[in-house]
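Here the structure is laid out as structure tokens; the discussion comes afterwards.
Protein chains: 2
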Amino acid sequence: MEKQIFLLGLIRQSDMHGYQILDLINSHFNIIINITKPTAYRLLNNMAEDGWISLREEKEGKRPPRHVYSITPKGEKEFQRMLRESLAEYKPIERPNPISIAFLQIFPPEEILPHMLKRKSSVESIIEGLIGTKDHQKNYQLVFEHQHFHLKAELKWINYTIEKMNSPDWGKDVK
Amino acid sequence: MEKQIFLLGLIRQSDMHGYQILDLINSHFNIIINITKPTAYRLLNNMAEDGWISLREEKEGKRPPRHVYSITPKGEKEFQRMLRESLAEYKPIERPNPISIAFLQIFPPEEILPHMLKRKSSVESIIEGLIGTKDHQKNYQLVFEHQHFHLKAELKWINYTIEKMNSPDWGKDVK
DNA sequence: GGAGACATGTAAAGGGTTACATGATTTG
DNA sequence: CAAATCATGTAACCCTTTACATGTCTCC
């Protein structure tokens, strides 16, 4: 449902065709959402079939014609319905952690430390990228901010854990 | 892969049968991972077929016999392989946010505020539950801690956003 | 003339969920 | 004796990803 909401949300702001949507998502929104081609095309086709979006073809030369989508009144209604539903769900928070963390302590600290450091710099560079795009995406500022809060928390956790790795208790009681 | 890692990780610590595993996950680990029955049984069967875990039947009365799994040397190897792979991936952080946040501002603050408050108390009660179980799960302390960091970040974000909703800029520039 | 962007898709395979199915045992 | 728990599973359906497929246009 998340993906449908996001696609509708984009189309709703301005008419778009599939390639354009995919391009936009991959270039600007990959930090917050991830949609691959087959999924996008299927969802768009489904929504077009259901009358949530309407489609017009724009031909240029001999290329495959663009399928330009616009949101319909029905689509707008469904968009708001899904949005409300999603807001009302109060989903705890999906695991932001690869579960592998649970078993970190079975490896010796020497092996984990480089991974943690790399993870750290990876998070840092994501944060940098995020700060760069944040201002240009006013409409989406809230999600980027939200992500930013969580990235900062991730950094904090990494630092905290690295420090813990130096304590003598590390790995105790763990098979 | 996450689910396989977690199942193996549990079996690795002590032999278990399917029902027991599902019960354990639903009662103690639902904050950090989510596995349903068909998925668990399928994964267990697959791993048994592949020789990652071995199976012995324990019969008691006329009930369906328990399928008790133990990890095999091969399973241990695969477990460590997957674990290393997962650690090396440096996955950014999966979206911890329902994408609906992106479109929060299309609704008037009066409608959203109650949702945000409910979300807040939901997060708070998850944190409470988490603090309660944390100490008893020494082996899994790291994941719970990780989750805790992110839950605190979520709370911070909620408070920050609620405050922002009162500013005159709220909803500006948003279609 | 070749690389890369433009523009659409599909096929196969795997993962996941919901709901259905079965029956024994324990507990109130 | 009814309800919950123990214990297994399957069927149908949906969603997602990886890889394949096709051809045009633009820019260097």
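So the sequence lines, in the order shown, correspond to chains A and B.
The first sequence: position 81 = 81 (my numbering), numbered continuously.
The second sequence: position 131 = 131 (my numbering), numbered continuously.
No residue lacks a Cβ here, since even glycine has one placed at the ideal position from N, Cα and C.
None of the values given here were measured: they were computed from a predicted structure.
- Chain A places no beta carbon closer than 8 Å to that of K77 of chain B, leaving this residue out of the contacts.
- In chain order, F149 make up the part of chain A whose C-beta sits under 7 Å from the C-beta of K156 of chain B.
- Annotated three-state conformation of S121 of chain B is helix, per DSSP.
- Between the alpha carbons of R66 of chain A and M82 of chain A lies a distance of about 27 Å.
- Distance from the CA of F79 of chain B to the CA of V143 of chain B, rounded to the nearest whole angstrom, comes to 17 Å.
- The beta-carbon of G9 of chain B is placed less than 8 Å from the nearest beta-carbon of chain A.
- For E89 of chain B, there is no enclosing alpha helix (DSSP H), as DSSP marks it with neither H nor E.
- A residue is called buried once 16 or more other Cβ atoms fall within 10 Å of its Cβ, and T36 of chain A, having fewer, is exposed.
- Counting along the chain, R66 of chain A sits inside the beta strand (DSSP E) bounded by residues R66 to I71.
- Within the region 39 to 69 of chain B, not one residue has a Cβ closer than 9 Å to any Cβ of chain A.
- In this chain, the beta strand (DSSP E) harbouring I53 of chain A covers I53 to E58.
- Between the region 69 to 76 of chain A and the region 43 to 61 of chain A there are three or more inter-stretch CB-CB distances shorter than 8 Å, so the stretches are counted as touching.
- Taking the CA atoms as reference points, L22 of chain B sits about 9 Å from Y41 of chain B.
- Secondary structure note for S100 of chain B: it is in no alpha helix (DSSP H), with a DSSP letter that is neither H nor E.
- Here the alpha carbon of I99 of chain B sits roughly 21 Å from the alpha carbon of E124 of chain B.
- P108 of chain A: not part of any alpha helix (DSSP H); DSSP gives it neither H nor E.
- Put simply, the backbone Cα of K164 of chain B is about 23 Å away from that of Q13 of chain A.
- Taking C-beta atoms under 8 Å as the contact rule, G9 of chain B and A102 of chain A qualify, at a distance of about 6 Å.
- DSSP places M47 of chain B in the helix class (H, G or I) of the three-state scheme.
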